[in-house]
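> Numbering follows this note's numbering, with no gaps: position 501 of the sequence shown is 1496.
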Amino acid sequence: MTTIGEALVKALEARGVNVVFGIPGVHTVELYRGLAGSPIRHVTPRHEQGAGFMADGYARVSGKPGVAFVITGPGVTNTLTPMGQARADSVPMLVISGVNRRATLGRGLGCLHELPDQLGLTALVARTADRVESAEALAPALDRAFAGFASDRPGPAHIEVPLDVMGLPALPVPAPAYAAPVLPDPDAIRRAAEALGQAVRPLILAGGGARHADAALTALAERLDAPVVQTVNARGLMHRHPLAVPVNPCLEPVRDLIRAADVVLAVGTEFGPTDYEMYGGAMPVPARLVRIDISAEQLALNPVEIALRGHAEAVLPALTGALPERAPRDGATRAAEAIDAARAGLDPVMLPQLAILEAVRDTVPGAIFVGDSTQAIYAGNLLYDHDRPGGWFNAATGFGALGFAIPAAIGAALADPDAPVVCLAGDGGAQFSLPELMTAVDEKLPIAFLIWNNHAYQEIADSMARVGVAVTGCHPTPPDFAAVAQSCAMPFARVAMAPEAVAGALRDLRRPDGPVMIEIEAG
């Protein structure tokens, strides 16, 4: 007999899942019965929050849903924070959990791991939330989750299976049916091409929805001779291209670029305040706005002249093909002027931080760079040109969850074993998820963990001081990171906040069969 728990694992295999992040418990034993004979790789984090962030990092790099197995109650609540981050950044994540027996649900009987309404809780964060109460309910729940990943704005999904259902006999789960790519109608493509083709000063705003469309975005930008402004989640696109503007659109020189544009094409960006209004002021309203997005809900949120619903990878080539050839005008000049003005306006404190990021990039070319909310990451989010599409991401925007970097870097390394991975976390943020370092050790992942140690939540301390609030609670004592690394049998170096020192340590310590730690003395 195949149980529902075993059938669920088989159905995940059929849907292309090859890694699951989870901590087993008495409420998920039947899921692990299915995993025992499965080719799916199981990775054990040290906390369910780590499982969720690992699934997030895995999804961002692989383009496939990251999957976490967690127990009822505290396992689910521990995973809610990563689910919130995944929702904010449109990351496909599937959380599969147990739940108490059907007859006990909602009755307050004091069962182990009991919540008043676990499904109702996750439904507030997840894009879909389903309970499998019978063999017949398993396939529809999986289909609903995976359809959302493929044909709408992705995000977290939750499926819970009651304890008295996991071990029941299963029904065959049909093979997944994959929907055809969503494409706008040809008339919308024609109208968008006409508007953009007639533009004198076209501009492209690229968001995270464009991260897997580097070649298509480059081709369209070149056809239009349009500067391409990148939000944080689009960084790495069009590296060193003269039309690329890897500068945060909340900075005034980029806002001036938007104001001067006669037609703006927005690709996979939600116009969120953490991308466009983080440092005060309102996002300029484009004179004419053409928008590409997979989400009909997103397309309805802002006034738009022409809406093109679909994945950027499919829509951009169709749009480029409808555009006439045109001679280059001043796109590269406009892009360079915006970058130069933005750099000139940065706080001078940020310039040495950017120099370190650039030194790391040049020392470890093509790296996936995962960050937490820390000084150098904030500087990079303002102005930094990464050299790998989809290879720069962090939790300093959107939901802004601390503790993201270390586990997300682990997920990223598992998603692309051939790619170098660099993790940059502050001493404060690192303490949220230090135990996950041992997962990297167990899995022999070649991650360089850079700890930016300024002995503070420095960004918060600076914010308090700027508004005249006495700085309180911002200086938790960091651990001895050399001792932490030693306890993890991890090579370690402590270096000054200098590009050549960090680059040298990376060259000396990096190894192909395990992680290393480099502490940067930043304060």
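C-beta atoms are modelled at their ideal positions from N, C-alpha and C, and glycine is treated no differently.
V1012: which of G1061, A1130, G1052, I1301 sits nearest, CA to CA?
Here residue 1012 is taken as the residue at index 17 of the sequence shown, counted from 1. That would be G1061, whose Cα lies nearest to the Cα of V1012.
> Would you kindly work out how many angstroms separate the C-alpha atoms of T1269 and R1036, rounded to a whole number?
As a position in the sequence shown, residue 1269 is number 274, starting the count at 1. As a position in the sequence shown, residue 1036 is number 41, starting the count at 1. Their backbone Cα atoms lie some 35 Å apart in a straight line.
> Is the stretch 1232 to 1250 touching the stretch 1276 to 1286, taking contact as three or more C-beta pairs under 8 Å?
With a cut-off of 8 Å, the stretch 1276 to 1286 and the stretch 1232 to 1250 count as touching, because enough Cβ pairs lie within range.
> Return the chain-ordered list of same chain residues with a C-beta closer than 6 Å to the C-beta of M996, the five sequence neighbours on each side being excluded.
Taking the first residue of the sequence shown as position 1, residue 996 is located at position 1. Only P1164 meet the Cβ criterion.
> Determine, using beta carbons only, whether V1038 and T1434 come nearer to each other than 8 Å.
Within the sequence shown, numbered from 1, the residue matching residue 1038 stands at position 43. Within the sequence shown, numbered from 1, the residue matching residue 1434 stands at position 439. Their beta carbons are under 8 Å apart, which means V1038 touches T1434 by this criterion.
> Where does the unbroken beta strand (DSSP E) through R1286 begin, and where does it stop?
Along the sequence shown, one-based indexing puts residue 1286 at 291. 1284 to 1288 is the extent of the beta strand (DSSP E) around R1286.
> Flag this pair as yes or no: are the beta carbons of A1216 and V1223 separated by less than 8 Å?
Position 221 of the sequence shown, counted from the first residue, corresponds to residue 1216. Position 228 of the sequence shown, counted from the first residue, corresponds to residue 1223. Yes, the Cβ-Cβ distance between A1216 and V1223 is below 8 Å.
> State yes or no: is the beta carbon of M1078 nearer than 8 Å to at least one beta carbon in chain B?
Of the protein chains in this structure there is only one, and it is not chain B.
> What three-state label does DSSP hand P1176 in the structure shown?
Translated into positions along the sequence shown, residue 1176 becomes position 181. Three-state result, P1176: coil.
> Using DSSP with H/G/I as helix, E/B as strand and the rest coil, what is A1390?
Here residue 1390 refers to the residue found at position 395 of the sequence shown. It is coil, neither helix nor strand.
> For the putative contact between R1206 and A1229, defined by C-beta atoms under 8 Å, what is the C-beta separation to the nearest angstrom?
Your numbering for residue 1206 matches position 211 in the sequence shown. Your numbering for residue 1229 matches position 234 in the sequence shown. About 6 Å separates the two Cβ atoms, so the contact holds.
> By a C-beta neighbour count over all protein chains shown, 10 Å radius and 16 as the cutoff for buried, is R1096 buried or exposed?
Locating residue 1096 in the sequence shown gives position 101, where the first residue counts as 1. When all chains shown are included, R1096 counts as exposed.
> Taking A1397 as the reference, give the member of Q1044, Q1193, V1024, A1006 with the closest Cα.
Translated into positions along the sequence shown, residue 1397 becomes position 402. Rather than Ala, the amino acid found at residue 1397 in this sequence is Leu. Checked all of Q1044, Q1193, V1024, A1006; the closest Cα to L1397 is Q1044.
> Nearest by alpha-carbon distance to S1482: which of G1468, V1464, A1500, P1510 is it?
Mapped onto the sequence shown, residue 1482 falls at position 487. Selected option, being the one with the closest Cα: P1510.
> Go to S1033, then tell me how far its beta strand (DSSP E) extends in each direction, as first and last residue.
Walking along the sequence shown from the start, residue 1033 turns up at place 38. Run containing S1033: none; DSSP gives neither H nor E here.
> Use the C-beta contact count for P1151: other C-beta atoms within 10 angstroms, 16 or more gives buried, fewer gives exposed.
As a working mapping, residue 1151 is identified with position 156 in the sequence shown. By the neighbour-count rule (16 or more Cβ atoms within 10 Å), P1151 is buried.
> Identify which residue in L1440, N1389, G1423, D1422 has its Cα closest to the Cα of D1411.
Taking the first residue of the sequence shown as position 1, residue 1411 is located at position 416. D1411 has its Cα closest to that of L1440, out of L1440, N1389, G1423, D1422.
> Assess, as a yes-or-no matter, whether the stretch 1106 to 1115 is touched by the stretch 1169 to 1182 under the definition of 3 or more beta carbon pairs within less than 8 Å.
Flag = no, the stretch 1169 to 1182 and the stretch 1106 to 1115 do not touch.
> Among I1515, P1181, V1160, which has the Cα closest to the Cα of V1490?
Here residue 1490 refers to the residue found at position 495 of the sequence shown. Closest option to V1490, Cα to Cα, is I1515.
> Going straight from the alpha carbon of M1345 to that of V1227, what length do you get?
Locating residue 1345 in the sequence shown gives position 350, where the first residue counts as 1. Locating residue 1227 in the sequence shown gives position 232, where the first residue counts as 1. Each residue's Cα considered, the two are about 17 Å apart.
> Which residue marks the beginning of the alpha helix (DSSP H) containing Q1080, and which one marks its end?
By one-based count along the sequence shown, residue 1080 stands at place 85. Where Q1080 is concerned, the enclosing alpha helix (DSSP H) stretches over 1069 to 1083.
> Which residue wins for smallest C-alpha separation from A1362, given the options H1306, F1394, L1419, D1138?
To locate residue 1362, count along the sequence shown from 1; it is residue 367. Comparing Cα positions, the closest option is L1419.
> Here's a check: name, in chain order, each residue in its chain whose Cβ is nearer than 7 Å to the Cβ of H1470, leaving out the five neighbours to either side.
Mapped onto the sequence shown, residue 1470 falls at position 475. Closer than 7 Å at Cβ, skipping near neighbours: H1450, A1451.
> By the DSSP assignment, the beta strand (DSSP E) with Q1193 in it spans what residues?
Indexing the sequence shown from 1 puts residue 1193 at position 198. Per DSSP, Q1193 belongs to no beta strand (DSSP E) and is neither H nor E.
> Using DSSP with H/G/I as helix, E/B as strand and the rest coil, what is L1341?
Looking up residue 1341 in the sequence shown gives position 346. In this structure, L1341 counts as coil in the three-state DSSP scheme.
> Would you give the residue range spanned by the beta strand (DSSP E) that Q1225 belongs to?
Against the sequence shown, residue 1225 aligns to sequence position 230. Run containing Q1225: 1223 to 1225, per the beta strand (DSSP E) assignment.
> Counting only the same chain and skipping the five closest in sequence on each side, list residues whose C-beta sits under 7 Å from that of M1512.
Taking the first residue of the sequence shown as position 1, residue 1512 is located at position 517. Result list for M1512: F1444, I1446, F1476, A1480, M1485, F1487, in chain order.
> CB-CB under 7 Å to T1099, same chain, minus the five flanking residues each way: which ones, in chain order?
Looking up residue 1099 in the sequence shown gives position 104. Hits under 7 Å: C1106.
> Suppose you measure from the CA of Q1453 to the CA of E1189; what does that come to, to the nearest Å?
Here residue 1453 refers to the residue found at position 458 of the sequence shown. Here residue 1189 refers to the residue found at position 194 of the sequence shown. Whole-angstrom Cα-Cα distance: 49 Å.
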